[in-house]
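> Numbering (the numbering used here), first residue to last: 2 to 258. Just so it is clear, CB atoms sit at the ideal spot from N, CA and C, and this is done for glycine as well. From a predicted model like this one, the values you see are computed outputs, not experimental measurements.
1) Which partner residues does residue 166 have in the DSSP bridge list?
2) I'd like to check one pair, residue 63 with residue 49: are the Cβ atoms closer than 7 Å?
3) Distance, Cα to Cα, residue 233 vs residue 39?
4) Residue 125 lies in the alpha helix (DSSP H); which residues open and close that run?
5) Would you check if the segment 182-189 and the segment 154-172 touch, i.e. whether three or more CB-CB distances between them fall below 8 Å?
6) In its own chain, which residues sit with a C-beta less than 6 Å from the C-beta of residue 84, not counting the 5 before and 5 after it?
7) Which residue's Cα is closest to the Cα of residue 129: 107, 106, 155?
8) Between residue 142 and the rest of its own chain, which residues show a CB-CB distance below 8 Å, the 5 nearest in sequence each way excluded?
9) Compare the Cα-Cα distances from residue 223 to each of 22, 109, 198, 34 and report the closest residue.
10) Can you give me the C-alpha to C-alpha distance between residue 59 and residue 51, rounded to a whole angstrom?
11) Where are the alpha helix (DSSP H) runs, 4 residues long or more, that stay fully inside the segment 24-108, in chain order?
12) Hey, would you say residue 254 sits closer than 7 Å to residue 197, going by beta carbons?
13) What residue from 65, 19, 210, 81 has the CA that sits closest to residue 259's CA?
14) Going along the chain, which residues of its own chain have a beta-carbon closer than 6 Å to the beta-carbon of residue 1, five neighbours each way excluded?
15) What is the C-beta distance between residue 112 and residue 26, in whole angstroms, given that I count them as a contact (C-beta under 8 Å)?
16) In angstroms with no decimal places, state the Cα-to-Cα distance between residue 8 and residue 61.
17) Checking 7 Å against the spacing of the C-beta atoms, do residue 118 and residue 17 come in under that value?
18) Distance check for residue 172 and residue 104, CA to CA, integer angstroms please.
19) Quick one: which unbroken beta strand (DSSP E) runs of 3-plus residues sit fully inside the segment 161-206? Chain order, please.
20) Do residue 136 and residue 19 have their C-beta atoms within less than 7 Å of each other?
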């Protein structure tokens, strides 16, 4: 895959500057469906209409506006947005370094790779090796697609990975949700057997062993229907009976032996 960068800038900490390029680390493989007219199978288009003139607006007349109050907008073009952000649009400003293992996974949002920028190979390698040796991750901020992101930079193999992070106020505390309460406290025998089952299912993580089975089934269904085959809708599974928890654990352990 060609390494086309999404963003070029500099990691800055202290008086050190490391030129980098940001690359996507995700290929979602999403199966995209288009909207079509049920009557004739033609693709449906969404057109832009002016609510004041009640007529279609050409794409080159559409700009971004920020709402001040109802029906009142301020138009700011991309150059003005860039000017407002200043140098922040080209700098990942590292504020501190933390233990990489101390970052709660709840905060992780989207992953990217950072490659060395022009003439930045030596500084890039130095930063990578220093963080890898110390087990540290860099925490900083940068502006990307007209939004400021908090980010963690950490070694990932021979390269640096950047994860955008959610801000604290974006996360919902479990205590703020009306979650179902836990049931009765399990007895010692149940805890022991559950622990045995967990141990029997333990193995080293192999990401290659997991596939998007839903996507594969959906693509197969589309291919089958294109060939004229009828897609069979399965009957919903019958609800399982609520067996005794201890009996269920014993049955699961027996199946693993």
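From the atom records:
1) One-based indexing of the chain shown puts residue 166 at position 165. DSSP lists 109, 151 as partners of residue 166.
2) For the purposes of this step, residue 49 is identified with residue 48 of the chain shown, where counting begins at 1. For the purposes of this step, residue 63 is identified with residue 62 of the chain shown, where counting begins at 1. Against a cut-off of 7 Å, the Cβ pair of residue 63 and residue 49 comes out as a contact.
3) Here residue 233 is taken as the residue at index 232 of the chain shown, counted from 1. Here residue 39 is taken as the residue at index 38 of the chain shown, counted from 1. Those two C-alpha atoms are separated by around 20 Å.
4) Numbered from its first residue, the chain shown carries residue 125 at position 124. From DSSP, the alpha helix (DSSP H) with residue 125 extends over 122-135.
5) no
6) In the chain shown, the residue the question calls residue 84 occupies position 83. So no residue of the chain qualifies.
7) Counting from 1 along the chain shown, the entry for residue 129 is found at position 128. Comparing Cα-Cα distances from residue 129 to each of 107, 106, 155, the minimum goes to 155.
8) Counting from one through the chain shown, the residue named residue 142 turns up at place 141. Hits under 8 Å: 89, 93, 94, 96, 149, 150, 151, 152.
9) Taking the chain shown and counting its residues from 1, one reaches residue 223 at position 222. It is 34.
10) Taking the first residue of the chain shown as position 1, residue 59 is located at position 58. Taking the first residue of the chain shown as position 1, residue 51 is located at position 50. Distance between the alpha carbons of residue 59 and residue 51: 10 Å.
11) 79-86
12) As a first step, residue 254 must be located in the chain shown, where it is residue number 253. As a first step, residue 197 must be located in the chain shown, where it is residue number 196. Contact: yes.
13) What is shown of the chain runs 2 to 258, which leaves residue 259 out entirely.
14) Because residue 1 is not part of the residues shown, which for the chain are 2 to 258, the question remains open.
15) Counting from 1 along the chain shown, the entry for residue 112 is found at position 111. Counting from 1 along the chain shown, the entry for residue 26 is found at position 25. Between residue 26 and residue 112 the Cβ distance is about 4 Å, and since that is below 8 Å, they are a contact.
16) Position 7 of the chain shown, counted from the start, is the residue given in the question as residue 8. Position 60 of the chain shown, counted from the start, is the residue given in the question as residue 61. Going by the C-alpha atoms only, they are around 25 Å apart.
17) Along the chain shown, one-based indexing puts residue 118 at 117. Along the chain shown, one-based indexing puts residue 17 at 16. Contact: no.
18) Here residue 104 is taken as the residue at index 103 of the chain shown, counted from 1. Here residue 172 is taken as the residue at index 171 of the chain shown, counted from 1. Answer to the nearest angstrom: the Cα atoms are 14 Å apart.
19) none
20) If you number the chain shown from 1, residue 136 lands on position 135. If you number the chain shown from 1, residue 19 lands on position 18. Not a contact, by the Cβ cut-off of 7 Å.
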